[in-house]
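Input: a single structure, listed below in structure tokens.
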Amino acid sequence: MKELFLVFFGVSSGLLVSAGVFAFIAAIGIVPRMAWRTKTRHFIRFYEDMIVLGGIWGTTAMFVDYRLPPWDWAIMAVSLLEGVFVGVLAMALTEVLNVMPILMRRTRLTKGLHWVIPAFALGKVAGSLIYYLIDGFYVL
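Residue numbers for the sequence shown follow the numbering used here, beginning at 50 and rising by one.
This is the structure we're talking about:
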């Protein structure tokens, strides 16, 4: 009986957390905004399905030991897609919270605004490379 309760509690908790994550993604409007900007509105349903499948894959990856093929290009492709998703999520959240106008107003930055976003992106890339390529930061 105890094990049955633990299974029920674990599955219920996982469903609630995943519902919250997907509600958050829907609330900040990543999918429609990206479809509008890339002029691919007819793929919105596909994008949403891929986000759900990615969530399912990420959840099952905690329990199943998935292995990517040992091809360098496959690992780079998966890494690129994960990075694009994280970047889009971060920028959508920044846009929704109006971080950039507040940052510009508080720092009184009026010139060079077109360099701010690429600087943030390059900083994120540099931090990721340092984290994964320098021993001691990342342990498997």
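For glycine and all other residues, C-beta sits at the position ideal for the given N, C-alpha and C. In this text, all values refer to a predicted model and were calculated from it rather than measured experimentally.
Can you say whether residue i is buried or exposed, counting buried as having 16 or more other CB atoms within 10 angstroms of its CB?
i: V80; result: buried
i: I151; result: exposed
i: M140; result: buried
i: I74; result: buried
What would DSSP say about residue i, mapped onto helix, strand or coil?
i: P81; result: helix
i: L198; result: Residue 198 lies beyond the range of the chain shown here (50 to 189); nothing can be said about it.
i: Y181; result: helix
i: W120; result: coil
i: D98; result: helix
i: T87; result: coil
i: F112; result: coil
i: M50; result: coil
Please work out which residues of its chain come closer than 7 Å, Cβ to Cβ, to residue i, disregarding the five sequence neighbours upstream and downstream, and give them in chain order.
i: T143; result: M149
i: R90; result: A84
i: L2; result: It is not possible to answer for residue 2, since the shown part of the chain is limited to 50 through 189.
Tell me which residues share the same chain as residue i and place their Cβ nearer than 6 Å to its Cβ, disregarding the 5 neighbours each side in the sequence.
i: V127; result: none
Enumerate in chain order the residues of its own chain whose CB-to-CB distance from residue i is below 8 Å, with the five nearest sequence positions on each side excluded.
i: V101; result: F71
i: K88; result: none
i: T108; result: G63 and S67
Hey, is residue i close to the ligand COA, as in C-beta under 8 Å from one of its heavy atoms?
i: A72; result: This structure simply doesn't include the ligand COA, nor any ligand for that matter.
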